[in-house]
Amino acid sequence: MVEGVFSRAFRGNVRPIEIGRRLIKEIDANRSVDSKNRRVVPNHFLVHLSPADLESLEAVRNDLLSELVEAVKEYASDEGYHLKGSVSVAIDADSNMKTGRIKVSSEIRATGTTATIASLVLPDDRRLVLGQSELVVGRLAENDIVFDDSNVSRRHARIAPSTNGWVVTDLGSTNGTKVNGVVIGGERSLRDGDIITVGGHSIRYEAR
């Protein structure tokens with residue numbers, strides 16, 4: 781963990797390298813031995829930070845997540861650990877966390893054949909089941925999700941499928957796009973229960 785985001789000078793309360801070290805500790809603390817005598821470790825990680833710390837990392841968020849995934853895979857390989865599925869890392873804001881603190885939770889998610897059904901719950905409780913096409917949120921009538929509100933830009937945000945689920949991207953909106961109350965700087969991976977806010981309108985993302 782010496783290149784990319786990890787090697788940059790950073791003035792925030794939480795440095796990217798510290799998050800990487802916490803993931804390594806989480807791996808070692810939760811290893812187990814399966815029926816084939818393999819040392820199995822978690823492959824899904826959720827990093828909890830204070831809202832202020834998460835916002836300070838927003839500019840490097842996507843690069844950081846990619847490097848954390850690679851760091852986990854590299855460490856597991858070096859130590860001879862077995863991963864039962866693909867590695868994923870998410871970062872979320874926790875209002876109960878103090879600035880400068882890091883909490884990591886993890887679990888083993890075996891690769892399976894069960895498909896995840898993703899959907900959006902709109903402010904009027906309508907549910908849109910997500911397929912393979914991206915959706916644009918904004919004020920223009922031709923958008924997929926329309927909010928006739930001056931606080932919403934004409935093309936405000938895009939919700940699109942990705943390799944590991946779905947992502948939301950701010951499209952240069954005037955008032956910004958938030959996920960769980962934190963303004964995103966660009967693309968942001970979504971997880972079950974995330975709240976996307978455009979203008980004064982909230983959309984809940986569900987993946988089950």
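Counting from 781, one number per residue, gives the positions in the sequence shown under our numbering.
For glycine and all other residues, C-beta sits at the position ideal for the given N, C-alpha and C.
Predicted, not measured: the structure shown is a model, and the values here were computed from it.
Discussion item. So the candidates are GLY979, ILE804, HIS862 and ALA873; which of them puts its Cα closest to the Cα of ASN817?
Written reply: Selected option, being the one with the closest Cα: HIS862.
Discussion item. Let me make sure I understand the geometry here. Which of ASN823, ASN793, GLY945 and ARG984 has the alpha-carbon closest to that of VAL867?
Written reply: Checking every option, the nearest Cα to that of VAL867 belongs to ASN823.
Worksheet item: Alpha carbon to alpha carbon, what distance is there between VAL852 and ARG819?
Response: So the two alpha carbons sit approximately 15 Å from each other.
Fill in: Spatial distance of SER982 from ALA856 (CA atoms)
Taking the straight line from one Cα to the other gives about 39 Å.
Item to complete: Please confirm whether LEU826 and MET877 have their CB atoms less than 9 Å apart.
Response: no
Worksheet item: Could you check where the alpha helix (DSSP H) with VAL1028 kicks off and where it finishes?
Response: The chain is shown only over 781 to 988; residue 1028 falls outside these bounds and no answer can be derived.
Fill in: Contact under 9 Å by Cβ, ILE939 with ILE976
At a Cβ-Cβ threshold of 9 Å, ILE939 and ILE976 count as neighbours.
Worksheet entry | ILE897 - DSSP class collapsed to helix/strand/coil | coil
Practice prompt. Might you give, ordered along the chain, the residues of its own chain that have their beta carbon closer than 8 Å to the beta carbon of GLY973, omitting 5 neighbours on each side?
Written response: Excluding sequence neighbours, GLY973 sits near ARG984, TYR985 and GLU986.
Item to complete: Report back the beta-carbon spacing between LEU803 and LEU834 to the nearest angstrom; my notes put them in contact at under 8 Å.
Response: Contact doesn't hold; Cβ gap of about 16 Å is too wide.
Worksheet item: Under the three-state reduction of DSSP, which class applies to ASP872: helix, strand or coil?
Response: strand
Practice prompt. Starting from the C-beta of LYS883, find all residues in its chain whose C-beta is less than 6 Å away, skip the five residues before and the five after it, and write them out in chain order.
Written response: HIS828
Discussion item. Is there a C-beta anywhere in chain C that falls below 9 Å from the one on PHE927?
Written reply: The structure shown contains no chain C, having only a single protein chain.
Worksheet item: Per DSSP, ASP950 is paired with what?
Response: ALA937
Fill in: Stretch-stretch touch, CB-based, cutoff 8 Å, three pairs: the stretch 941–949 with the stretch 919–933
no
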